[in-house]
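Undergrad:
In this note's numbering, the protein residues as written are 2 to 85.
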């Protein structure tokens, strides 16, 4: 009975420690989060710039600038997927 109690206590301690250790974010996770945020910011800024340029030029249909913006968005998504 005493051995069972010790084993149960040991198992519970290991499980609690393991769950606590998984919560801490290391440098790779922090860097990944920063990259994700940078990609999202770049995506938003490029879309805003494309929209502003399109508006300034009076473009109404999908043109070269919008296609370029979509390519940038696709590239940003590819970078984001490769870091996850």
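Cβ coordinates follow ideal geometry from the N, Cα and C atoms, glycine included.
Is it buried or exposed, residue 77, if we count other Cβ atoms within 10 angstroms and call 16 or more buried?
TA: So residue 77 counts as buried.
Undergrad: Near residue 70, what residues of its chain come up, given a Cβ to Cβ distance below 7 Å and the 5 sequence neighbours on each side ignored?
TA: Only 47, 48, 51 meet the Cβ criterion.
Undergrad: Can you give the Cα-Cα distance for residue 66 and residue 80, rounded to whole angstroms?
TA: Each residue's alpha carbon lies about 21 Å from the other.
Undergrad: Helix, strand or coil: how does DSSP classify residue 26 here?
TA: Reduced to three states, the DSSP call for residue 26 is coil.
Undergrad: Return the first residue and the last residue of the alpha helix (DSSP H) that residue 70 is part of.
TA: From DSSP, the alpha helix (DSSP H) with residue 70 extends over 65-84.
Undergrad: Could you check the C-alpha separation between residue 58 and residue 83 for me, to the nearest Å?
TA: Using only the alpha carbons, I get a separation of about 35 Å.
Undergrad: Throw me the rounded Cβ distance for the residue 74 and residue 44 pair, which I believe falls under 8 Å.
TA: Indeed they touch by this definition, with Cβ atoms about 6 Å apart.
Undergrad: Using the three-state DSSP reduction, which class does residue 33 fall into: helix, strand or coil?
TA: In the structure shown, residue 33 sits in a helix (DSSP, three-state: H, G or I).
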